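See structure below.
Protein chains in written order, with our numbering: chain A, 655 to 793; chain B, 40 to 163.
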């Protein structure tokens, strides 16, 4: 019977990944702000992301955010930024690579004054590859 | 046990077939049948009956244990299958929500737009 229990635990272990993405502060931002009137939330995972070598995409776009909302989101992003492996910060955008066991995980944050965009992505592709792909598309 | 003579056991065997023996007497009878004194043809019938009952009881216990194990394995496999299905469903999400309400929109297109805008002013 003990052997059966051990076998079942081994078989169940890959499913633990189901809950792996939770645990970052930006998750709170998605939960809190996605219900706001001026917010657009996009969640994608699975086959449709395969071409980009991504496995999970979650974004939040807020048009004309209130100063308090902007401050709250920035503080949540900063909380995750504190544990970032790599970071790229400019006046208009911030990119943070978060620690993840098997895949690359990034928080992308952009605020151009009128629109605030917060993106969380996970996948095999690194930031350089993702950037190259979408910058090529723009041309 | 030795203080009783064979007629005592013979009488008890007869009472067993008449369902007049107590649990304790049956236990004693079983013990007696394993002794050398009980290897008499007078006890063949009671020995055969009790042996059969003992073996069938052991088989019943074994088979109920086996079914319980099969049931446990089946339950665990179902749980694993359910988790697999749940994970598969979770892995193929594609949705757009405006103000918390799901809307009919192309999530891929929005994703591409957002990422293109995100990287528009950055260095490669």
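Beta carbons are placed, not taken as given, at the ideal position from N, Cα and C, and that holds for glycine.
Note that the structure is a prediction, hence the values are computed from the model and not measured.
Exposure label - residue i; buried when at least 16 CB within 10 Å
i             : result
residue 109/B : exposed
residue 153/B : buried
residue 79/B  : exposed
residue 684/A : buried
residue 94/B  : exposed
residue 45/B  : exposed
residue 739/A : exposed
residue 48/B  : buried
residue 753/A : exposed
residue 127/B : exposed
residue 158/B : buried
residue 82/B  : buried
residue 749/A : buried
residue 689/A : exposed
residue 734/A : buried
residue 747/A : buried
residue 709/A : buried
residue 765/A : buried
Secondary structure of residue i, DSSP reduced to three states
i             : result
residue 712/A : strand
residue 717/A : strand
residue 52/B  : helix
residue 152/B : helix
residue 675/A : Confidence at residue 675/A is low in this model, with a pLDDT of 48, below 50, so the placement of that residue should be treated as unreliable; the coordinate-derived value is given next. DSSP places residue 675/A in coil when its eight states are reduced to three.
residue 771/A : strand
residue 139/B : coil
residue 44/B  : coil
residue 60/B  : coil
residue 762/A : strand
residue 117/B : helix
residue 697/A : strand
residue 757/A : coil
residue 670/A : In this prediction, residue 670/A scores a pLDDT of 48, lower than 50, which makes its location untrustworthy; the coordinate-derived value is nonetheless stated afterwards. Residue 670/A: helix per DSSP, three-state reduction.
residue 159/B : coil
residue 29/B  : Because chain B in this structure spans residues 40 to 163, residue 29/B falls outside the shown range and cannot be described.
residue 725/A : helix
residue 788/A : helix
residue 123/B : helix
residue 737/A : coil
Spatially closest choice to residue i from the options, by CA coordinates
i             : options                    : result
residue 805/A : 695/A, 777/A, 686/A, 678/A : This structure leaves residue 805/A out entirely; chain A is present only between 655 and 793.
residue 57/B  : 77/B, 137/B, 85/B          : 85/B
residue 745/A : 737/A, 757/A, 767/A, 756/A : 767/A
residue 89/B  : 158/B, 73/B, 156/B         : 73/B
residue 144/B : 113/B, 135/B, 77/B         : 135/B
residue 87/B  : 113/B, 52/B, 132/B         : 52/B
residue 761/A : 721/A, 712/A, 755/A, 726/A : 712/A
residue 714/A : 723/A, 707/A, 708/A        : 723/A
residue 707/A : 777/A, 691/A, 763/A        : 777/A
residue 726/A : 758/A, 742/A, 718/A, 686/A : 686/A
residue 779/A : 692/A, 702/A, 789/A, 759/A : 759/A
residue 149/B : 763/A, 678/A, 704/A, 698/A : 698/A
residue 138/B : 784/A, 680/A, 691/A        : 691/A
residue 140/B : 791/A, 705/A, 693/A, 677/A : 693/A
residue 700/A : 156/B, 160/B, 146/B, 155/B : 146/B
Quiz item: the segment 138-163 of chain B: which residues have C-beta closer than 8 Å to a C-beta of chain A, in chain order?
Solution: 138, 139, 146, 147, 149, 150, 151, 153, 154, 155, 156, 157, 158, 159, 160, 161, 163
Quiz item: Listed in chain order, which residues of the segment 708-739 of chain A have Cβ atoms closer than 7 Å to some Cβ of chain B?
Solution: 711, 713, 715
Quiz item: Got a sec: which bits of the segment 748-781 of chain A sit with their beta carbon under 7 Å from any beta carbon on chain B, in order along the chain?
Solution: 762, 764, 771, 773
Self-check item: Against chain B: residues of the segment 689-704 of chain A by CB proximity under 9 Å
Solution: 689, 690, 691, 692, 693, 694, 695, 696, 697, 698, 699, 700, 701, 702, 703
Exercise. Scan the segment 103-134 of chain B for residues whose Cβ lies nearer than 9 Å to a Cβ of chain A and list them as they occur along the chain.
Key: 108, 111, 112, 115, 116, 118, 119, 122, 123, 125, 126, 127, 129, 130, 131, 132, 133, 134
Quiz prompt | Uninterrupted alpha helix (DSSP H) stretches inside the segment 58-100 of chain B (no shorter than 4 residues) | solution = 62-72
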